[in-house]
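Position in the sequence shown (from 1) plus 3 gives the number in the working numbering.
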Amino acid sequence: MDYKCSDCPRNCGALRGEKSAGGVCVSPAAAHVVRAAPHFGEEPCISGSRGSGAVFFSGCNLRCVFCQNREISRSAAGKELSSAQLRELFLRLRDEGVHNINLVTPSHYIREIAKALDGLELGIPVVWNSSGYDKPESLKMLEGLVQIYMPDLKYLKQEPAARYSAAPDYPAVAAAAIKEMYRQVGPYQMDEEGILKSGLLIRHLILPQQELNTMDVIDFVAEEFPKGSVLFSLMSQYTPMPGLQKFPELQTTVDDETSRNLRSYMLKMGIEDGYWQDGAAATDEMIPDFDLTGIKDL
Numbered sequence: 004m005d006y007k008c009s010d011c012p013r014n015c016g017a018l019r020g021e022k023s024a025g026g027v028c029v030s031p032a033a034a035h036v037v038r039a040a041p042h043f044g045e046e047p048c049i050s051g052s053r054g055s056g057a058v059f060f061s062g063c064n065l066r067c068v069f070c071q072n073r074e075i076s077r078s079a080a081g082k083e084l085s086s087a088q089l090r091e092l093f094l095r096l097r098d099e100g101v102h103n104i105n106l107v108t109p110s111h112y113i114r115e116i117a118k119a120l121d122g123l124e125l126g127i128p129v130v131w132n133s134s135g136y137d138k139p140e141s142l143k144m145l146e147g148l149v150q151i152y153m154p155d156l157k158y159l160k161q162e163p164a165a166r167y168s169a170a171p172d173y174p175a176v177a178a179a180a181i182k183e184m185y186r187q188v189g190p191y192q193m194d195e196e197g198i199l200k201s202g203l204l205i206r207h208l209i210l211p212q213q214e215l216n217t218m219d220v221i222d223f224v225a226e227e228f229p230k231g232s233v234l235f236s237l238m239s240q241y242t243p244m245p246g247l248q249k250f251p252e253l254q255t256t257v258d259d260e261t262s263r264n265l266r267s268y269m270l271k272m273g274i275e276d277g278y279w280q281d282g283a284a285a286t287d288e289m290i291p292d293f294d295l296t297g298i299k300d301l
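Following this line, the structure appears as structure tokens:
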């Protein structure tokens with residue numbers, strides 16, 4: 004049944020249904036998946052020794068000019084799966100021994116995902132791995148269904164949010180969304196193996212020439228949440244992608260000095276729980292093949 008969508012902060016009213024797709028996410032109502040398999044490229048508390056059961060969805064409600072997954076983020080690529088098929092997929096990944104079910108770029112399929120998770124006893128955590136551009140009201144659909152929220156916090160300055168992701172409201176929206184995520188799951192909890200059982204892990208990718216934006220993000224995390232209650236991942240893995248001629252400032256990686264200075268600032272602000280990367284992380288080696296691995300027979 005077609006519906007006018009207002010599930011994400013765009014509130015675009017696009018008609019979405021079995022055959023209709025529109026809006027910024029360019030996605031129909033049913034979820035489209037491009038890969039589902041154990042993944043080892045997340046933070047250690049997510050990937051662990053057995054991998055994270057990563058389900059990669061196509062489409063996205065942002066338009067980041069530096070996106071590494073552009074081949075799937077700008078269309079409804081992949082295989083269409085019903086909520087029943089998503090349930091089967093989650094159970095299959097669980098049975099492969101992964102530490103968690105990791106929903107990658109899921110925001111525009113929140114209705115179908117909530118339906119798939121409702122009443123499903125997995126015995127392992129579900130990870131909501133989003134851009135942070137989530138609508139707090141929509142996140143309430145996931146309360147009790149998602150144990151770990153792992154959002155990006157890309158920007159807390161409006162200018163780069165507008166310039167690089169076509170979302171000038173991103174700072175306010177993401178801040179509100181992340182507060183709602185924390186309300187749902189509370190302070191983080193690890194198991195005896197150092198694997199995250201529940202809680203909030205906020206990620207931030209340092210962009211070239213955006214040190215002040217990163218400092219604002221660090222300030223927000225330090226000031227908004229009690230010390231030791233959330234995990235923070237400061238990432239230096241920014242890798243220039245093709246097609247950035249209009250953005251010369253993005254055609255370079257983040258230098259080691261900038262990375263070290265921002266890590267020092269993070270520690271100065273009292274953020275000690277989490278992760279950070281050095282400049283050697285700037286590579287595209289961890290981008291998987293979006294070749295329908297794990298879903299061809301569904």
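Glycine included, every Cβ here is placed at the ideal spot set by N, Cα and C.
Spatial distance of residue i from residue j (CA atoms)
| i | j | result |
| --- | --- | --- |
| arginine 97 | isoleucine 49 | 14 Å |
| glycine 277 | isoleucine 205 | 9 Å |
| leucine 247 | glycine 122 | 45 Å |
| phenylalanine 93 | proline 163 | 36 Å |
| phenylalanine 235 | valine 68 | 24 Å |
| aspartate 294 | threonine 256 | 28 Å |
| aspartate 172 | glutamate 183 | 17 Å |
| arginine 114 | glutamate 260 | 43 Å |
| leucine 142 | proline 154 | 12 Å |
| methionine 269 | serine 201 | 23 Å |
| cysteine 15 | cysteine 63 | 13 Å |
| leucine 208 | tyrosine 152 | 17 Å |
| glutamate 1 | glutamate 45 | Residue 1 lies beyond the range of the chain shown here (4 to 301); nothing can be said about it. |
| glycine 189 | alanine 179 | 15 Å |
| lysine 157 | serine 134 | 8 Å |
| phenylalanine 228 | lysine 299 | 42 Å |
According to DSSP, residues forming a beta bridge with residue i
| i | result |
| --- | --- |
| lysine 182 | For lysine 182, which the question treats as bridged, DSSP gives no partner whatsoever. |
| asparagine 132 | Val107 |
| tyrosine 311 | Because the chain spans 4 through 301 in this model, residue 311 falls outside it and cannot be assessed. |
| glutamine 192 | Ser201 |
| valine 233 | According to DSSP, which records beta bridges pairwise, valine 233 is partnered with nothing at all. |
| lysine 82 | Val36 |
| lysine 7 | Leu18 |
| serine 55 | His42 |
| methionine 238 | Leu208 |
| phenylalanine 60 | Val36 |
Three-way DSSP call (helix, strand, coil) for residue i in this model
| i | result |
| --- | --- |
| histidine 102 | coil |
| valine 220 | helix |
| serine 215 | Strictly speaking, residue 215 in this sequence is leucine, with serine absent from that position. Three-state DSSP puts leucine 215 in a helix. |
| leucine 92 | helix |
| valine 257 | coil |
| valine 176 | helix |
| leucine 208 | strand |
| tyrosine 278 | strand |
| proline 12 | coil |
| glutamine 161 | helix |
| cysteine 67 | coil |
| leucine 142 | helix |
| asparagine 72 | coil |
Min CB distance residue i to chain C below 8 Å
| i | result |
| --- | --- |
| glycine 51 | This model lacks chain C altogether, as it is built from one protein chain only. |
Any non-hydrogen atom of the ligand GDP within 7 Å of residue i CB
| i | result |
| --- | --- |
| valine 68 | Of the ligands one can find in the structure shown there are none, so the ligand GDP has no counterpart to examine. |
Under 8 Å: do the region 204-224 and the region 52-62 share three or more Cβ pairs, one atom per stretch? no
Specify whether the region 174-182 and the region 31-42 touch according to this definition: at least 3 beta carbon pairs, one from each stretch, less than 8 Å apart. no
Three or more beta-carbon pairs under 8 Å between the region 102-114 and the region 128-137, yes or no? yes
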